[in-house]
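The structure appears right after this line, and notes come after that.
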Amino acid sequence: MSKQATGNRQQQTENRGMSFSGARCLLPGASRAQRGFTLVEMIVAIGLFAVVMIVCVGALLSLVHANRKAQALQSVMNNLNIALDGMVRSIRMGNDYRCDALNPEDGDCPTGGRSFYFESFVGQSNTTGDDWIYFYDAAAQRIYKSTDGSLLSGIPLTAPEVSIDEMLFYVIGTNPSDTVQPKVVIVVNGSVGAVGVSERTTFHIQATAVQRVLDL
897 MSKQATGNRQ
907 QQTENRGMSF
917 SGARCLLPGA
927 SRAQRGFTLV
937 EMIVAIGLFA
947 VVMIVCVGAL
957 LSLVHANRKA
967 QALQSVMNNL
977 NIALDGMVRS
987 IRMGNDYRCD
997 ALNPEDGDCP
1007 TGGRSFYFES
1017 FVGQSNTTGD
1027 DWIYFYDAAA
1037 QRIYKSTDGS
1047 LLSGIPLTAP
1057 EVSIDEMLFY
1067 VIGTNPSDTV
1077 QPKVVIVVNG
1087 SVGAVGVSER
1097 TTFHIQATAV
1107 QRVLDL
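All you need for this note's numbering is the position in the sequence shown, starting with 1, plus 896.
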């Protein structure tokens, strides 16, 4: 065999080895290209996530606002309840009920009045300078209290957040000749609001006080 033929066979063998070493080994069924997310799929996924987050944040903010409103209104209503409870207790312990006047012959006012006079449990029955007065000021929309028989010295009982639209005192049984124990029915209508709360809540309250001292 000539040297030229031997060299050709060696060259062919080297070429086959180089071709085999440069080939890529693939597993059966493996794909030649791995597919990723497209731009449209990314946009859709981000959009769905944004919608879910907006709904969740909106619900959370609504709960926070509702809780803040409830706490503020509860504080204001507590002020109103304390004021009315104090009025009822003082009126029960007093006597000589009168409505919208200092010394009327008959203190009854079945049609209702905006002010209520009475003698406190520590006052003197023959003196009007120590009478207690509960009255409603329509201009200020607040309930006031006076302990010296004068409307000018009244002090507010309700908070500024409480707007009193109407307050009436219905008094019956003040005539000693009747058989009815003196009684006053207090009717209050209004609305309450709070700082940071845009909406106002209306209310209608009725309280009754009966004189404890027997009207003999």
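Just so it is clear, CB atoms sit at the ideal spot from N, CA and C, and this is done for glycine as well.
Linking MET973 to GLY1019 through their CA atoms gives a straight-line distance of about 31 angstroms.
For the stretch 981 to 1063, the full-length beta strand (DSSP E) segments reaching 3 residues or more read 991 to 995, 1005 to 1009, 1011 to 1015, 1028 to 1033, 1038 to 1042 along the chain.
The beta carbon of ALA1090 sits closer than 8 angstroms to those of LYS965, ALA968, LEU969, SER971, VAL972, GLU1057, all from its chain and outside the five residues before and after it, given in chain order. Ranked by Cα distance from PHE1017, the options ILE1039, ASN991, SER1011 are led by ASN991. The three-state secondary structure of ASN974, taken from DSSP, is helix. Inter-residue distance for ASN977 and GLN1077 is about 25 angstroms (C-alpha atoms, whole angstroms). Annotation for GLY1086: the continuous beta strand (DSSP E) segment containing it runs 1079 to 1090.
Residues ILE1029, SER1049, GLY1050 of the same chain have their beta carbon placed closer than 6 angstroms to that of SER1042, with the five preceding and five following residues left out of the count.
Per DSSP, reduced to three states, the secondary structure at ARG1096 is strand. Between the stretch 1068 to 1082 and the stretch 947 to 954, the count of C-beta pairs closer than 8 angstroms stays below three; the two stretches do not touch. Judged by their CB atoms, ALA962 and ILE1039 are not nearer to each other than the 8 angstroms cut-off. Less than 8 angstroms divides the Cβ of PHE1065 from the Cβ of VAL1080. Using a Cβ distance threshold of 8 angstroms, ARG994 and GLY1003 count as a contacting pair. For PHE933, the number of other beta carbons within 10 angstroms of its own is below 16, and it is reported as exposed. DSSP places VAL1076 in the coil class of the three-state scheme, outside both helix and strand. Nearest C-alpha to SER986 among PHE1099, ILE1060, ASP1027, GLU1062: ASP1027. The beta carbon of ILE1068 is closer than 7 angstroms to those of ASP1004, PRO1006, VAL1076, LYS1079 in its chain, skipping five residues each way along the sequence. With a 10 Å radius around the Cβ and a threshold of 16 neighbouring Cβ atoms, SER1021 comes out exposed. If you ignore the 5 residues before and after VAL1109, its C-beta comes within less than 7 angstroms of the C-beta of ASN991, all in its own chain and listed in chain order.
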